[in-house]
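Worksheet: the structure to be examined is printed underneath.
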Ligand SMILES: C[S@@+](CC[C@H](N)C(=O)[O-])C[C@H]1O[C@@H](n2cnc3c(N)ncnc32)[C@H](O)[C@@H]1O
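In the working numbering, the protein residues as written are 19 to 304.
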């Protein structure tokens with residue numbers, strides 16, 4: 019069995035300002051289309067109205083920020099904040115091509131920066147809050163971005179045990195690579211699956227009226243329309259998971275690739291690969 023790199027959570031650091039951001043950008047349309055149903059559900063929950071000011075944390079390529087700008091209209095304002103300069107440049111470009119005037123994108127670390135327009139009426143984030151090395155002070159900073167009585171709406175992945183798409187992929191990788199035991203709550207996509215932990219983070223930062231709604235549905239791995247081969251390549255080359263596989267070398271990669279193709283073959287329909295997923299849609303009052 020090949021050995022993974024020595025990282026405390028079994029995953030390489032999430033270098034969003036560098037390589038992770040570049041990788042997300044390279045597959046932006048696939049990533050955004052995979053999580054679009056969750057974005058739509060969170061936007062429905064937030065139900066923004068004309069004139070509101072909204073900050074979108076870890077906005078990535080800015081799809082959700084553009085939807086928010088359209089919802090709040092000319093009298094409102096949407097700010098996308100992201101640590102990756104490359105993603106911010108692309109998000110700005112896409113918004114100007116869409117002809118949106120009430121939108122801006124800033125590069126910065128949401129754990130520490132304070133945007134010029136703060137305090138906002140609303141704070142939004144689809145999967146942008148699970149990567150802070152020190153989540154407690156970071157959530158306090160998010161609270162300071164909101165006015166008193168403002169509201170937060172965020173999407174977080176539920177635990178990996180409730181996400182068969184991720185659990186099955188990891189199961190295959192573990193058959194080939196000796197992974198260190200993951201550290202619960204270590205920064206990463208599944209850091210905030212536990213409700214009690216998220217409630218504690220929010221309450222410690224001064225939020226109240228916390229609600230959790232479960233979103234369950236399909237992850238179209240590789241994006242809608244992907245065949246098993248392109249979905250397997252997407253996982254190994256586009257997703258962070260690929261970092262676990264690379265140290266194993268070409269042979270290990272080839273057998274993991276074949277197992278992933280088999281897995282996706284068993285989980286496909288006319289619209290591509292389809293596997294179960296679960297996320298939390300959380301709201302809270304500042
Ligand atoms: C999983 S992606 C989600 C992107 C986007 N919200 C979406 O749903 O398409 C996570 C995003 O969070 C950003 N991010 C991670 N840590 C951050 C931080 N400390 N401050 C600001 N953005 C951060 C990353 O650069 C990346 O764009």
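The beta-carbon is built from N, C-alpha and C at its ideal position, and this holds for glycine as well.
Could you work out which residue in the options is closest to residue i when comparing CA atoms only?
{"i": "residue 253", "options": "104, 53, 278, 172", "result": "278"}
{"i": "residue 233", "options": "224, 181, 205", "result": "181"}
{"i": "residue 107", "options": "95, 275, 178, 79", "result": "79"}
{"i": "residue 249", "options": "205, 284, 134", "result": "284"}
{"i": "residue 15", "options": "259, 298, 290, 171", "result": "Given a span of 19 to 304 for the chain in the structure shown, any question on residue 15 remains unanswerable."}
{"i": "residue 109", "options": "84, 200, 156, 178", "result": "84"}
{"i": "residue 128", "options": "143, 156, 113, 55", "result": "156"}
{"i": "residue 210", "options": "191, 178, 235", "result": "178"}
{"i": "residue 96", "options": "46, 135, 185", "result": "135"}
{"i": "residue 123", "options": "113, 131, 132, 130", "result": "113"}
{"i": "residue 205", "options": "34, 149, 224", "result": "149"}
{"i": "residue 235", "options": "224, 82, 286, 297", "result": "297"}
{"i": "residue 287", "options": "244, 225, 215", "result": "244"}
Is the beta carbon of residue i less than 7 angstroms from the beta carbon of residue j?
{"i": "residue 43", "j": "residue 104", "result": "yes"}
{"i": "residue 99", "j": "residue 121", "result": "no"}
{"i": "residue 61", "j": "residue 153", "result": "no"}
{"i": "residue 69", "j": "residue 93", "result": "yes"}
{"i": "residue 239", "j": "residue 175", "result": "no"}
{"i": "residue 242", "j": "residue 51", "result": "yes"}
{"i": "residue 102", "j": "residue 57", "result": "no"}
{"i": "residue 163", "j": "residue 72", "result": "no"}
{"i": "residue 381", "j": "residue 304", "result": "This structure gives no information on residue 381, because the portion of the chain shown stretches from 19 to 304."}
{"i": "residue 295", "j": "residue 237", "result": "yes"}
{"i": "residue 165", "j": "residue 137", "result": "yes"}
{"i": "residue 82", "j": "residue 140", "result": "no"}
{"i": "residue 147", "j": "residue 172", "result": "yes"}
{"i": "residue 87", "j": "residue 158", "result": "no"}
{"i": "residue 299", "j": "residue 63", "result": "yes"}
{"i": "residue 195", "j": "residue 266", "result": "yes"}
{"i": "residue 302", "j": "residue 191", "result": "no"}
Which class does residue i belong to by DSSP, given the choice of helix, strand or coil?
{"i": "residue 233", "result": "strand"}
{"i": "residue 103", "result": "helix"}
{"i": "residue 95", "result": "strand"}
{"i": "residue 295", "result": "strand"}
{"i": "residue 33", "result": "coil"}
{"i": "residue 280", "result": "helix"}
{"i": "residue 73", "result": "strand"}
{"i": "residue 139", "result": "strand"}
{"i": "residue 117", "result": "coil"}
{"i": "residue 197", "result": "coil"}
{"i": "residue 189", "result": "helix"}
{"i": "residue 123", "result": "strand"}
{"i": "residue 260", "result": "helix"}
{"i": "residue 57", "result": "helix"}
{"i": "residue 206", "result": "coil"}
{"i": "residue 287", "result": "strand"}
{"i": "residue 181", "result": "coil"}
{"i": "residue 244", "result": "coil"}
{"i": "residue 130", "result": "coil"}
{"i": "residue 155", "result": "helix"}
{"i": "residue 24", "result": "Reliability of the predicted coordinates at residue 24 is poor, the pLDDT of 34 falling under 50, and the value obtained from them is presented with this limitation in mind. Residue 24 falls in the coil class under three-state DSSP."}
{"i": "residue 212", "result": "coil"}
{"i": "residue 13", "result": "Because the chain here runs from 19 to 304, residue 13 falls outside it and cannot be looked at."}
Bridge partners of residue i, per DSSP?
{"i": "residue 300", "result": "172, 230"}
{"i": "residue 144", "result": "173"}
{"i": "residue 164", "result": "138"}
Taking only heavy atoms of ligand 2 into account, decide whether any of them is closer than 6 angstroms to the Cβ of residue i.
{"i": "residue 101", "result": "In the structure shown, ligand 2 is absent; the only ligands present are ligand 1."}
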